[in-house]
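Right, one structure below, let's go through it.
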């Protein structure tokens, strides 16, 4: 066996191992984290976006099926559930601050969710998108399981809604900070709340990794906007005869 | 740490079971979150003796889980990139809607929330 053949056989062995994809996922995220800390300028240079780009490039370059990759990545994916449950602890810690802002929270979640749904509808009509894509877009601001459920009820395509929802989260995480800085929003609670409301779990993850108060308000916003959106979207579809 | 993991898994399990049983659109882990929050608030209200230990057990586990929360979204994100071809010709328009809509929503909600908070504290 030549060296090249030996190297190839090692690669063939490694790429079949779940551990390889698990390690790649964490490595790509750490590279993203490092780049973000170094630059702090370019919004796309945030750990999630860069991590996703690096892993995707590797998979596409070597023609690896997503299913094979997920065999390793599922161990990370699994932690999403427990991580969601454990949001109860920081929320509990900030409970008094949340209660002190209860009115602002409820008003913002109602008007903010409506704003998200209606701007999505207005923009989608402007771009003259097909009806089933418009419907799949409407619940995009909330966490994927809720968004997919709503999409199904109103006649959208749930799997398309899942993709749209994740993209919404990544965009919120990548450009949220930038937008909030531009508007000079200083209050951490308002910053986090807006990101959680518009970009659910991925935005919340981003907020939580930067500031606990922002993260807690993002989590509260994400939960409440999920409920409001699930109730409001079917009514909007009915009233606007979409 | 292990106690904390147990409690969190247990609440997720309860949440998943409730979701399946009542066939709810709210995800199981969110129901788990709400139940755990409820229990924490109840224990605090009642001033139960073992409450401090309970909270301490959860504290270390939750900070470990939440420390790098964005990492947990990398696998789904990769899935989206690999399956984005379903959008075909409408990809750019859909991305446009999502980008403008998301940035506008964040701006709107943040400005509204900040204004409401200021009014609230001025009173």
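Protein chains in written order, with this note's numbering: chain A, 58 to 299; chain B, 488 to 610.
Even for Gly, the Cβ is constructed at its ideal location relative to N, Cα and C.
Residues of chain B with a Cβ closer than 8 Å to the Cβ of residue 295(A) do not exist, since the nearest Cβ in that chain sits about 18 Å away. The three-state secondary structure of residue 555(B), taken from DSSP, is coil. Going by C-alpha positions, residue 178(A) is about 42 Å away from residue 492(B). Taking the beta carbon of residue 68(A) as reference, no residue of chain B falls within 9 Å; the closest one sits roughly 20 Å away.
Only exposed fits residue 507(B), as fewer than 16 other CB atoms lie within 10 angstroms of its CB.
DSSP places residue 182(A) in the uninterrupted alpha helix (DSSP H) bounded by 159–183. For the pair of segments examined, the segment 171–185 of chain A was found to touch the segment 578–597 of chain B: the number of CB pairs separated by less than 8 Å reaches three.
Of the candidates 184(A), 260(A), 290(A), the residue whose Cα lies closest to the Cα of residue 209(A) is 290(A). Our two residues, residue 278(A) and residue 187(A), have alpha carbons roughly 30 Å apart in a direct line.
Along the segment 545–600 of chain B, the alpha helix (DSSP H) occurs as fully enclosed runs of 4 or more residues at 561–570, listed in sequence order.
Within chain B, 562, 565, 566, 569 have C-beta atoms less than 9 Å from the C-beta of residue 126(A), given in sequence order.
Ranking 122(A), 287(A), 119(A) by CA distance to the CA of residue 206(A) puts 287(A) first. In the three-state reduction of the DSSP assignment, residue 151(A) falls in the coil class, being assigned neither a helical nor a strand state. Rounded to whole angstroms, residue 117(A) and residue 110(A) show a C-alpha spacing of 10 Å.
In the same chain as residue 77(A), and ignoring 5 residues on each side of it, the C-beta atoms closer than 8 Å to its own belong to 71, 129, in chain order.
Chain order gives the chain A residues near residue 595(B) as 169, 172, where near means a beta carbon separation below 7 Å. Setting aside the 5 residues that flank it on each side, residue 171(A) has no residue in the same chain whose C-beta is closer than 6 Å to its C-beta. With fewer than 16 other beta carbons inside 10 angstroms of its own, residue 84(A) counts as exposed. Taking the beta carbon of residue 240(A) as reference, the chain B residues within 7 Å of it are 594, 597, 598, listed in sequence order.
Scanning the segment 206–246 of chain A for uninterrupted alpha helix (DSSP H) segments of 4 residues or longer gives 215–239, listed from N- to C-terminal end. Comparing C-alpha distances from residue 550(B) to each of 100(A), 133(A), 143(A), 295(A) shows the shortest one belongs to 143(A).
The beta-carbon of residue 206(A) is placed less than 9 Å from the nearest beta-carbon of chain B. Looking at the backbone, the Cα of residue 221(A) and that of residue 181(A) are separated by about 13 Å. Residue 128(A) sits in a helix when the DSSP states are folded into three classes.
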